[in-house]
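Working notes, structure below.
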Amino acid sequence: MPNSKQTFNINNCNVTPNGTSAQMSRTGSNNQPNQGEWKNNDNQYDYTITLPSGAWAVATGQPSTCLLTFTVTKGNTSCTYELLTNAPIGASSYTLQRSDGTTCQEPGVDTVPQDPDVIINT
């Protein structure tokens, strides 16, 4: 499934899918997408997302205004981003900040909050 997309939905500081539910492939194999976009389903806040440059790049054909740190306004969807073919295998975290200044984090192991992530496979 090369160049297939996963949409990450944001609502009330939560991203779905996330973690083990967000399996992606560097090559688009194993029926897993290699591209992602973030959709803001929150009616109240905008969100700023920062993707790690060691794992993500702006997908081919996207506008030059697309950057690895971007804001998704209420009801809109981000540019499309793709995993690098040499992205590290395993969990890859990114940051999410709500327009009121809240840093959004997911519940983690032993209830220690952590940044949302995707699981990168070959």
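Residue numbers (my numbering): 1 to 122.
Beta carbons: idealized from backbone N, C-alpha and C, even for Gly.
Go through the region 11 to 70 residue by residue and report every complete run of the beta strand (DSSP E) that reaches 3 residues or more, in order. Fully enclosed beta strand (DSSP E) runs of 3 or longer: 14 to 16, 19 to 25, 35 to 40, 47 to 50 and 56 to 58.
Continuous beta strand (DSSP E) stretch holding Y81: start and end: Within the sequence shown, the letter at position 81 stands for residue 81. Looking at the DSSP string, the run of the beta strand (DSSP E) that includes Y81 is Y81 to L83.
Are there 16 or more other CB atoms within 10 angstroms of the CB of I112, so buried, or fewer, so exposed? As a first step, residue 112 is located in the sequence shown; it is residue number 112 there, counting from the start. Per the sequence shown, the amino acid found at residue 112 is Val instead of Ile. Taking all protein chains shown into account, V112 has fewer than 16 neighbouring C-beta atoms within 10 Å of its C-beta and is therefore exposed.
C-beta atoms of T33 and S4 nearer than 8 Å: Along the sequence shown, read from residue 1 onward, the residue named residue 33 stands at position 33. Along the sequence shown, read from residue 1 onward, the residue named residue 4 stands at position 4. In the sequence under discussion, the amino acid at residue 33 is Pro, which differs from the Thr named in the question. Contact flag set, yes.
Measure from the alpha carbon of T69 to the alpha carbon of each residue in E37, D100 and P88, then state which is nearest. Along the sequence shown, one-based indexing puts residue 69 at 69. Nearest of E37, D100 and P88 to T69, Cα basis: E37.
Does chain C have any CB closer than 8 Å to the CB of D46? The chain inventory of the structure shown lacks chain C, comprising one protein chain alone.
For Q6, name the three-state secondary structure that DSSP assigns. In the sequence shown, the residue the question calls residue 6 occupies position 6. Strand, per DSSP.
Three or more C-beta pairs below 8 Å linking the region 54 to 68 and the region 95 to 107: no
Rounded to whole angstroms, what is the Cα-Cα separation between N14 and Q35? What you label residue 14 is simply residue 14 of the sequence shown in a count that begins at 1. What you label residue 35 is simply residue 35 of the sequence shown in a count that begins at 1. Taking the straight line joining both Cα atoms gives about 20 Å.
Report the three-state DSSP secondary structure of N76 (helix, strand or coil). For this step, residue 76 is matched to residue 76 along the sequence shown. Here N76 sits in coil by DSSP.
Is the distance from the Cβ of T122 to the Cβ of I89 below 8 Å? Indexing the sequence shown from 1 puts residue 122 at position 122. Indexing the sequence shown from 1 puts residue 89 at position 89. Cβ atoms of T122 and I89: closer than 8 Å.
What would DSSP say about D117, mapped onto helix, strand or coil? Taking the sequence shown and counting its residues from 1, the one referred to as residue 117 is at position 117. Reduced to three states, the DSSP call for D117 is strand.
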